[in-house]
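Per the working numbering, the very first residue in the sequence shown carries number 8; after that it's consecutive.
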Amino acid sequence: MKIFINGKELSVILENETNAYEILKPIESWCNSNDFLINKVIIDNKEMQPYIDEEYETIPIENIQKIEVEALSQAEYSLYSIMSIAEYIEKVLNTDSVSSKDIEDLKDGMYWVLDSIPRTIFLFNMSLESYGIIHILKMLEVKLEKFNNASDNIDKFNEFFNNEFKPFLSEKMLPTMYIVIEEAKINTIFLFAGNITSSNALYKVGSLPKFLPLILDILDSIVNKLQSGNDKEAFIYAEKFSRIVSYAFSILSNVASIYSIDYSQISLNSVTLTDAINDFNEMMNNVLDAFANEDYISIADLLEYEIKERIENIMNYIPLVEEHIEKLNV
């Protein structure tokens with residue numbers, strides 16, 4: 008039997024385990040103690056519910072070939088929750104009209120939005136005062152009251168839905184959610200980079216590449232702002248990019264400290280990881296110089312063609328770092 012967490016096979020020696028529960032419960036306990044949540048469990052290509060309960064006791068290990076577990080940090084889970092809220096709002100905005108049977112589902116969905124936003128904001132240590140979130144939520148409460156009053160008459164409801172409710176979602180709520188998501192991306196990496204121990208260091212450094220899309224999203228935003236002449240917002244996104252890269256690289260730094268790893272001893276294509284990081288830092292200094300000189304064309308080019316390539320290159324070293332740690336743990 009093979010066991011994988013986030014695509015990485017575990018080196019596990021089974022002893023007296025007789026069923027899937029006895030295998031997965033210790034994994035769940037490890038996840039909980041390291042601020043991770045099991046998001047998905049797949050046993051022999053069949054997706055199970057992610058809560059490890061008595062159901063798993065009915066699955067004997069002799070019938071299992073492969074167990075796959077997807078684990079998310081609490082911050083990642085919260086980020087995906089915020090993103091799912093925005094996706095739901097987008098889905099509502101793409102609805103042209105509502106039938107009588109759809110009203111209850113729509114109402115439940117919007118109350119889910121109202122209840123979920125404060126919880127996810129809290130998990131990111133963000134304030135409801137930030138970006139006018141509390142004001143948006145109060146406005147949503149008012150809209151939902153009107154929603155309830157109009158729901159008895161389908162024609163009246165659709166008039167309210169298209170003329171008042173959807174404009175509120177598109178002009179007020181969704182733009183705010185997009186801003187919150189951008190900040191949440193940064194906080195996700197910040198929270199993930201914290202509390203690195205010998206127990207979770209291998210998992211955390213191995214998870215770095217999955218944050219690459221978040222990092223590149225911020226980078227692309229800077230380039231787009233510069234190319235559209237929005238220099239002020241480009242500065243804001245540049246500061247965010249600097250923070251998010253700093254948090255990501257702090258994982259490498261902390262892991263090196265925990266395991267006394269010398270990154271000059273880890274090479275890819277005859278270039279050490281130390282040299283790759285120094286090369287990135289040198290190029291970032293060129294970006295800062297270009298910002299100081301207000302050379303926005305050079306900034307966009309450096310970010311799009313030089314910085315992006317160097318970040319992707321550093322991520323290619325991560326499997327080598329994992330391999331190095333695994334050898335130390337043998």
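We treat Cβ as the ideally placed atom computed from N, Cα and C, and that holds for glycine.
- Message: According to DSSP, is Glu29 part of a helix, a strand, or is it coil?
- Response: Residue numbering aside, residue 29 sits at position 22 when the sequence shown is read from its first letter. If DSSP states are grouped into helix, strand and coil, Glu29 belongs with the helices.
- Span of the beta strand (DSSP E) holding Val76? Here residue 76 corresponds to residue number 69 of the sequence shown, with the count starting at 1. Taken as a continuous stretch (DSSP letters only), the beta strand (DSSP E) holding Val76 covers 73-80.
- Query: Quick one: any contact between the segment 190-198 and the segment 144-164, if contact means 3 or more CB pairs under 8 Å?
  - Reply: no
- Task: Tell me where the beta strand (DSSP E) around Phe11 begins and ends.
- Result: Along the sequence shown, read from residue 1 onward, the residue named residue 11 stands at position 4. Looking at the DSSP string, the run of the beta strand (DSSP E) that includes Phe11 is 9-12.
- Item | Val76 and Ile12 closer than 9 Å at C-beta | Position 69 of the sequence shown, counting from 1, holds the residue named residue 76. Position 5 of the sequence shown, counting from 1, holds the residue named residue 12. Taking 9 Å as the Cβ cut-off, Val76 and Ile12 qualify as a contacting pair.
- Message: Distance check for Glu97 and Leu181, CA to CA, integer angstroms please.
- Response: In the sequence shown, counting from the first residue as 1, residue 181 sits at position 174. In the sequence shown, counting from the first residue as 1, residue 97 sits at position 90. Those two C-alpha atoms are separated by around 8 Å.
- Query: Comparing alpha-carbon positions, which option in Lys32, Asp308, Ile89, Ser106 lies nearest Leu226?
  - Reply: Against the sequence shown, residue 226 aligns to sequence position 219. Comparing Cα positions, the closest option is Asp308.
- Taking 8 Å as the threshold, find out whether the segment 290-303 comes into contact with the segment 190-210 through three or more Cβ pairs. In the pairwise beta carbon analysis, the segment 290-303 is classified as not touching the segment 190-210: fewer than three pairs are separated by under 8 Å.
- Whole-number beta carbon distance between Asn46 and Leu79, since they are thought to touch under 8 Å: Counting from 1 along the sequence shown, the entry for residue 79 is found at position 72. Counting from 1 along the sequence shown, the entry for residue 46 is found at position 39. So it is a contact: roughly 5 Å between Cβ atoms.
- Selected residue, minimal CA-CA separation from Tyr244, among Lys173, Phe298, Leu198: In the sequence shown, counting from the first residue as 1, residue 244 sits at position 237. Closest option to Tyr244, Cα to Cα, is Phe298.
- Is the Cβ-Cβ distance between Ile59 and Lys15 less than 9 Å? Position 52 of the sequence shown holds residue 59. Position 8 of the sequence shown holds residue 15. Not a contact, by the Cβ cut-off of 9 Å.
- Query: Given that a residue counts as buried once 16 or more other Cβ atoms are within 10 Å of its Cβ, and exposed if not, what is Gly236?
  - Reply: Residue mapping note: residue 236 aligns to position 229 of the sequence shown, counting from 1. Exposed, since its Cβ has fewer than 16 Cβ neighbours within 10 Å.
- Item | Expected contact under 8 Å - CB spacing of Leu335 and Tyr266 to nearest Å | As a working note, residue 335 is residue 328 in the sequence shown. As a working note, residue 266 is residue 259 in the sequence shown. Yes, they are in contact, since the Cβ atoms of Leu335 and Tyr266 sit about 6 Å apart, within 8 Å.
- For the putative contact between Met146 and Phe175, defined by C-beta atoms under 8 Å, what is the C-beta separation to the nearest angstrom? The count along the sequence shown starts at 1 and reaches residue 146 at position 139. The count along the sequence shown starts at 1 and reaches residue 175 at position 168. With 8 Å as the limit, Met146 and Phe175 qualify as a contact, their Cβ atoms being about 7 Å apart.
- Item | Contacts around Lys247, its chain only, beta-carbon distance under 6 Å, and the 5 residues preceding and following it disregarded | Here residue 247 corresponds to residue number 240 of the sequence shown, with the count starting at 1. Here the set comprises Ile193, Ile225.
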